[in-house]
Amino acid sequence: MLKHVTFLGAAASVLLMSSAAVAQDVTADTVVAKVGDTEITLGEMIVARSQLPQQYTQFPNEVLFDGIVDQLVQQQLLADSIDAIPPRVDFILSNERRSMLAADVITEIAGSSVTEDMIVAAYEERFADAEEIPEFRASHLLVETEEEAAAAKARIDEGTEFADVARDVSTGPTGPSGGDLGWFGAGAMVPEFENAITSLEVGGVSDPFETQFGWHVATLVETRVQPQPTLEQSRQQIAAELQEAAITARIEELTEGTVIVRPEEGAFDVNLIDNVELLE
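Those letters in the sequence shown? Residues 1496 to 1775, by our numbering.
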């Protein structure tokens, strides 16, 4: 933050107003300081305060007030020292104005387009007829050859616990934990593995089968239906989707009522957007 600025007499006279008088008549247009003929308003200070980096929030307002005045005064002094405004400044200000006005409209739409009833209705519609999604918990062992897989399957068929055989022979990362893969849903595994698991009954053990990783023997440990998210778990996502839909609808409405001319294909060299020299 810029510091150490001596105010002109006009600015000093404004700052010496009594706090009672300021409190009675203060608005965003209230003049706080002057630099030459340029007025610095309370509204400009409020905006500057809102844009301070996070680390400045620890300072009390009596410290920030003077610092913000100093900053704006010094910025104005430097701005006034420029003989001609660079063209890029006008382009930047135009873009910033457009962006800020659009952001205000988006904020208004987002704040007014979603109600609790709409969220509840969207939640109920989304999950009222939702299909039950199965999930599977399985274990497997992974070896290099079909012969090794067949030998491991034979041990399991003879009564050795699947987890013990997996710990003995599996070369996969789940071998030390007895081959436990935890819970997974459709599409999480390669097709050959998923087909083998979904064809089993709980407790069943597959014949050896091959995937891109090697030869497997797998067992289906248990199944369940994927639990549906609660309203509270879904609230934020549903609200965001409703807001996005409202914003899109508003843009489409405005688009239909406005003549918009876009550049014809090939009319401009697309690399021109990198040519910052055009801003000089």
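Cβ coordinates follow ideal geometry from the N, Cα and C atoms, glycine included.
Out of I1651, G1699, P1724 and L1773, which one is the CA nearest neighbour of F1622? Checking every option, the nearest Cα to that of F1622 belongs to P1724.
Compute the distance between the beta-carbons of S1594 and V1716, then report whether it is under 8 Å. Their beta carbons are not under 8 Å apart, which means S1594 does not touch V1716 by this criterion.
DSSP on L1726, reduced to helix/strand/coil? Collapsing the DSSP output to three states places L1726 in a helix.
8 Å CB neighbourhood of V1615 in its chain, flanking five on each side removed: Cβ contact annotation for V1615 (same chain, cutoff 8 Å, sequence separation greater than five): L1726, in chain order.
Within the continuous beta strand (DSSP E) that includes R1621, where are the two ends? That residue, R1621, is in no beta strand (DSSP E); its alpha helix (DSSP H) goes E1611 to A1623.
DSSP beta-bridge partners of P1629: Answer is V1720, bridged to P1629.
Between the alpha carbons of V1517 and V1609, how many angstroms are there, rounded? Confidence is the limiting factor: at V1517 the pLDDT is only 49, short of 50, which leaves the residue's position unreliable, though a coordinate-based value still follows. Near 39 Å, if we compare the C-alpha coordinates of V1609 and V1517.
Among the candidates E1687, V1660, V1685 and A1681, whose CA atom is the shortest distance from the CA of D1675? The residue with the shortest Cα to Cα distance from D1675 is V1660.
Less than 8 Å between the C-beta atoms of V1638 and S1665, yes or no? Cβ atoms of V1638 and S1665: closer than 8 Å.
Using the beta-carbon count (16 or more within 10 Å), is G1531 buried or exposed? Result: exposed.
Supposed close pair V1700, F1657 - CB separation, criterion 8 Å: Sure, about 7 Å apart at Cβ, within 8 Å.
Nearest neighbour of E1642, chosen from E1760, E1534 and G1709 [CA to CA]: With respect to the C-alpha of E1642, the residue from E1760, E1534 and G1709 having the closest C-alpha is G1709.
Check this for me: beta carbons of I1601 and Q1571, under 8 Å apart or not? Taking 8 Å as the Cβ cut-off, I1601 and Q1571 do not qualify as a contacting pair.
So what's D1659 in DSSP terms, helix, strand or just coil? Secondary structure at D1659: helix, using DSSP grouped into helix, strand and coil.
Under 7 Å Cβ to Cβ from D1702, same chain only, skipping five residues before and after it: list those, please. Leaving aside the five residues that flank D1702 on each side, the residues in its chain whose CB is nearer than 7 Å to its CB run, in chain order, K1648.
Once the 5 residues before and after G1680 are set aside, which same chain residues still bring their CB inside 8 Å of it? Same-chain partners within the cutoff: I1628, P1629, E1630, F1631 and Q1721.
If you count every other CB in all the chains shown that lies within 10 Å of the CB of V1527, and 16 or more means buried, which is it? Burial is judged here by how many other beta carbons sit within 10 angstroms of a residue's own beta carbon; V1527 has at least 16 and is buried.
Between which two residues does the alpha helix (DSSP H) harbouring V1558 extend? Under the DSSP assignment, V1558 falls in the alpha helix (DSSP H) whose first and last residues are N1556 to D1575.
Between which two residues does the alpha helix (DSSP H) carrying G1538 extend? Unbroken alpha helix (DSSP H) run through G1538: L1537 to S1545.
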